[in-house]
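Enquirer: A single structure is presented below for examination.
Protein chains: 2
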Amino acid sequence: MNAEADRAQRHRARMQRQKTVVDAAIARADKSKGLLLVLTGNGKGKSSSAFGMAARALGHSMRVGVAQFIKGRSDTGEEAFFQQQKNIIWHVLGEGFTWDTQDLERDKETARRGWAVVQTMLHDPSIDLLILDELTYPLKFGWLDINTVLADLQNRPAMQHVVITGRAAPDALCQTADTVTEMRDIKHAFQSGIQAQIGIDY
Amino acid sequence: MNAEADRAQRHRARMQRQKTVVDAAIARADKSKGLLLVLTGNGKGKSSSAFGMAARALGHSMRVGVAQFIKGRSDTGEEAFFQQQKNIIWHVLGEGFTWDTQDLERDKETARRGWAVVQTMLHDPSIDLLILDELTYPLKFGWLDINTVLADLQNRPAMQHVVITGRAAPDALCQTADTVTEMRDIKHAFQSGIQAQIGIDY
Numbered sequence: 006m007n008a009e010a011d012r013a014q015r016h017r018a019r020m021q022r023q024k025t026v027v028d029a030a031i032a033r034a035d036k037s038k039g040l041l042l043v044l045t046g047n048g049k050g051k052s053s054s055a056f057g058m059a060a061r062a063l064g065h066s067m068r069v070g071v072a073q074f075i076k077g078r079s080d081t082g083e084e085a086f087f088q089q090q091k092n093i094i095w096h097v098l099g100e101g102f103t104w105d106t107q108d109l110e111r112d113k114e115t116a117r118r119g120w121a122v123v124q125t126m127l128h129d130p131s132i133d134l135l136i137l138d139e140l141t142y143p144l145k146f147g148w149l150d151i152n153t154v155l156a157d158l159q160n161r162p163a164m165q166h167v168v169i170t171g172r173a174a175p176d177a178l179c180q181t182a183d184t185v186t187e188m189r190d191i192k193h194a195f196q197s198g199i200q201a202q203i204g205i206d207y
Numbered sequence: 006m007n008a009e010a011d012r013a014q015r016h017r018a019r020m021q022r023q024k025t026v027v028d029a030a031i032a033r034a035d036k037s038k039g040l041l042l043v044l045t046g047n048g049k050g051k052s053s054s055a056f057g058m059a060a061r062a063l064g065h066s067m068r069v070g071v072a073q074f075i076k077g078r079s080d081t082g083e084e085a086f087f088q089q090q091k092n093i094i095w096h097v098l099g100e101g102f103t104w105d106t107q108d109l110e111r112d113k114e115t116a117r118r119g120w121a122v123v124q125t126m127l128h129d130p131s132i133d134l135l136i137l138d139e140l141t142y143p144l145k146f147g148w149l150d151i152n153t154v155l156a157d158l159q160n161r162p163a164m165q166h167v168v169i170t171g172r173a174a175p176d177a178l179c180q181t182a183d184t185v186t187e188m189r190d191i192k193h194a195f196q197s198g199i200q201a202q203i204g205i206d207y
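Protein sequence lines, in the order shown, are assigned to chains A and B.
Start counting the first sequence at 6; every next residue gets the next number (my numbering).
Start counting the second sequence at 6; every next residue gets the next number (my numbering).
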């Protein structure tokens with residue numbers, strides 16, 4: 006046997022072992038349920054990941070609900086794009102960051118009105134995927150009560166997936182979640198003086 | 006002045022200071038360029054974040070190119086969804102993971118053919134956003150030469166954004182990138198025996 010054939014055979018044997026391991030892990034994971042996913046951390050990719058899941062779900066003819074907290078701007082690419090699609094309901098519930106409004110009571114009232122909209126979607130089993138974009142901020146700032154939010158999430162339809170995004174997700178939320186990803190900022194173009202780019206950041 | 010009014014005023018003052026800081030940071034970031042973004046790490050959200058940016062870009066009438074390395078499956082929601090859209094070109098270039106094919110030379114040949122497709126998009130200034138999904142694996146496994154890939158990225162149109170996803174992004178790639186996010190797996194439903202969920206994981 007020459008060296009190249011020998012190398013190819015060793016590669017094949019190694020990959021067969023790897024395949025056995027991967028296949029067994031996949032076989033063990035046999036449960037299905039509505040997931041609660043939390044995308045947190047300071048890095049780029051939290052909201053965009055949620056919107057990518059919206060695209061995936063729509064591609065499977067699932068129904069999607071989106072509630073954007075905080076964001077007040079109305080020129081985002083995601084909203085322009087998804088508003089044209091079927092099977093998706095899109096709510097912009099925010100008025101910008103609290104340092105923009107500078108009015109705590111108004112922020113609280115806005116958040117509470119927003120949560121009432123979310124509650125109707127959390128009671129609607131026809132919504133397969135619900136995205137609560139930047140929900141962590143109203144929780145962090147105390148505009149919404151974490152226990153109310155957790156109870157409402159707990160009581161949602163069994164197969165409804167919920168994705169929550171935003172920095173500094175509360176511990177109690179992460180403990181309840183099925184999947185938690187921390188987006189870690191290794192580096193960010195903004196730190197090099199590059200402004201938010203259309204189509205990338207909004 | 007009563008306690009509540011005092012509290013509201015202190016909140017306002019704090020938020021005014023915060024707004025000054027944020028506004029100054031935004032004013033300093035005045036450059037615009039085609040970004041190279043790397044989304045890596047073991048956590049969920051890398052590919053979905055890239056597809057979320059695709060949605061954003063399409064919402065701003067930008068043109069998007071997608072090249073999916075590795076993935077051989079043809080039932081993904083993202084592909085079904087985006088193939089129906091205007092202004093997006095979608096290439097599935099993979100044949101599954103190397104432990105599926107178990108043939109190193111075939112994997113290399115598949116990756117090289119895939120890169121040739123990418124090169125044409127890297128020469129096309131009409132593509133505003135180019136997504137190279139799971140490109141890190143062909144690099145990690147040595148199917149593609151990192152120096153060739155870096156040189157081709159370097160020579161792309163000045164305003165073209167490129168997003169590269171996948172675990173274990175090579176250091177040389179991260180050094181070249183403008184933005185690098187590590188998706189850290191805090192916990193994952195799969196570890197609790199929950200299978201890949203339609204609309205969430207594919």
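No residue lacks a Cβ here, since even glycine has one placed at the ideal position from N, Cα and C.
Quick one: is Val26 (chain A) buried, meaning 16 or more other Cβ sit within 10 Å of its Cβ, or exposed?
Expert: Val26 (chain A) is exposed by the Cβ-count criterion.
Enquirer: Closer than 9 angstroms, Cβ to any Cβ of chain A: which residues of the stretch 84-101 of chain B, in chain order?
Expert: Going along the stretch 84-101 of chain B in chain order, one finds Glu84, Ala85, Phe86, Phe87, Gln88, Gln89, Gln90 with a Cβ nearer than 9 angstroms to chain A.
Enquirer: Less than 8 angstroms between the CB atoms is what I'm expecting for Ala34 (chain B) and Phe74 (chain B), so what's the real figure, rounded?
Expert: So it is not a contact: roughly 32 angstroms between Cβ atoms.
Enquirer: Express the C-alpha separation of Ala194 (chain B) and Ser131 (chain B) in angstroms, rounding to a whole number.
Expert: Roughly 40 angstroms separates the two Cα atoms.
Enquirer: How far does the beta strand (DSSP E) with Met188 (chain B) in it reach, from first residue to last?
Expert: First-last of the beta strand (DSSP E) with Met188 (chain B): 184-192.
Enquirer: Specify, as a first and last residue, the run of the alpha helix (DSSP H) that Thr170 (chain B) falls within.
Expert: Not the alpha helix (DSSP H): Thr170 (chain B) falls in the beta strand (DSSP E), residues 166-170.
Enquirer: At the level of alpha carbons, what is the spacing between Ile94 (chain B) and Thr125 (chain A)?
Expert: So the alpha carbons of these two residues sit roughly 37 angstroms apart.
Enquirer: Secondary structure at Thr115 (chain A), three-state DSSP: helix, strand or coil?
Expert: The answer is helix: DSSP assigns Thr115 (chain A) an H, G or I state.
Enquirer: So which residues of chain B does Val185 (chain A) contact, with C-beta pairs closer than 7 angstroms?
Expert: Correct list: Ile191, Lys192.
Enquirer: Closer than 8 angstroms by beta-carbon distance: list the chain B residues that pair up with Tyr207 (chain A), in chain order.
Expert: Ordered by position in chain B, the residues that pass the 8 angstroms Cβ test against Tyr207 (chain A) are Arg61.
Enquirer: Decide if Arg68 (chain B) is buried, meaning its Cβ has at least 16 other Cβ atoms within 10 Å, or exposed.
Expert: So Arg68 (chain B) ends up on the buried side.
Enquirer: Between the C-alpha atoms of Gln89 (chain A) and Phe87 (chain B), what's the straight-line distance to the nearest angstrom?
Expert: Those two C-alpha atoms are separated by around 13 angstroms.
Enquirer: Is the beta carbon of Met58 (chain A) less than 8 angstroms from the beta carbon of Ser53 (chain B)?
Expert: Yes, these two residues count as a Cβ contact at 8 angstroms.
Enquirer: Three-state secondary structure (DSSP) at Lys36 (chain A)?
Expert: Looking at Lys36 (chain A) - three-state DSSP - the assignment turns out to be strand.
Enquirer: Within the continuous beta strand (DSSP E) that includes Thr45 (chain A), where are the two ends?
Expert: Where Thr45 (chain A) is concerned, the enclosing beta strand (DSSP E) stretches over 41-45.
Enquirer: Strictly by DSSP, which residues pair up with Val69 (chain A)?
Expert: A:Ile93, A:Leu134, per the DSSP bridge assignment.
Enquirer: I need the DSSP call for Ile199 (chain A), collapsed to helix, strand or coil.
Expert: Three-state result, Ile199 (chain A): strand.
Enquirer: Roughly how many whole angstroms lie between the Cα atoms of Thr81 (chain A) and Met20 (chain A)?
Expert: The alpha-carbon atoms of Thr81 (chain A) and Met20 (chain A) are separated by roughly 44 angstroms.
Enquirer: Given this structure, state the Cα-to-Cα distance separating Leu41 (chain A) from Pro162 (chain A), to the nearest angstrom.
Expert: Cα-Cα distance, rounded: 12 angstroms.
Enquirer: Using the Cα positions of Asn273 (chain B) and His16 (chain B), report the straight-line distance between them to the nearest angstrom.
Expert: The shown model of chain B, from 6 to 207, leaves out residue 273 (chain B), and the question about it has no answer.
Enquirer: Rank B:Val97, B:Ala13, B:Val154 by C-alpha distance to the C-alpha of Asp138 (chain B) and give the top, closest one.
Expert: When only C-alpha atoms are compared, the closest one is B:Val97.
Enquirer: Mind checking which residues open and close the alpha helix (DSSP H) that includes Ile151 (chain B)?
Expert: Unbroken alpha helix (DSSP H) run through Ile151 (chain B): 151-159.
Enquirer: Specify the secondary structure class of Phe86 (chain B) as computed by DSSP and reduced to three states.
Expert: Phe86 (chain B) falls in the helix class under three-state DSSP.
Enquirer: Using the Cα positions of Phe56 (chain A) and Thr186 (chain B), report the straight-line distance between them to the nearest angstrom.
Expert: Cα to Cα, the separation comes out at about 17 angstroms.
Enquirer: How would you call His166 (chain A), buried or exposed, if buried means at least 16 neighbouring beta carbons within 10 angstroms?
Expert: Classification for His166 (chain A): buried.
Enquirer: When the cut-off is 8 angstroms and only beta carbons count, does Glu110 (chain B) lie next to chain A?
Expert: Chain A contact via Cβ: present.
Enquirer: Which of the residues in the stretch 118-149 of chain B, read from start to end, lie with their CB under 7 angstroms from any CB of chain A?
Expert: The residues in question are Asp133, Leu134.
Enquirer: Candidates B:Lys145, B:Arg111, B:His65, B:Lys192: which alpha carbon is nearest Arg172 (chain B)'s?
Expert: Here the closest residue by C-alpha is B:Lys145.
Enquirer: Residues of chain A with CB under 7 angstroms from Ala34 (chain B), in chain order?
Expert: What Ala34 (chain B) touches in chain A: Phe195, Gly198, Ile199, Gln200.
Enquirer: With DSSP as the reference, label Tyr142 (chain A) as helix, strand or coil.
Expert: Helix.
Enquirer: Under 8 angstroms, do Lys49 (chain A) and Thr184 (chain B) count as touching if we go by C-beta distance?
Expert: Taking 8 angstroms as the Cβ cut-off, Lys49 (chain A) and Thr184 (chain B) qualify as a contacting pair.
Enquirer: So for Trp148 (chain A), helix, strand or coil by DSSP?
Expert: It is coil, neither helix nor strand.
Enquirer: Near Thr181 (chain B), which residues of its chain fall below 8 angstroms by C-beta distance, leaving aside the five closest residues on each side in sequence?
Expert: The answer, listed in chain order, is Leu41, Leu155, Leu158, Gln159.
Enquirer: For Ala55 (chain B), decide whether its Cβ has a neighbour in chain A, counting only Cβ atoms nearer than 8 angstroms.
Expert: So, interface residue.
Enquirer: What separation, rounded to the nearest whole angstrom, lies between the Cα atoms of Glu3 (chain B) and Ile203 (chain B)?
Expert: Because chain B in this structure spans residues 6 to 207, residue 3 (chain B) falls outside the shown range and cannot be described.
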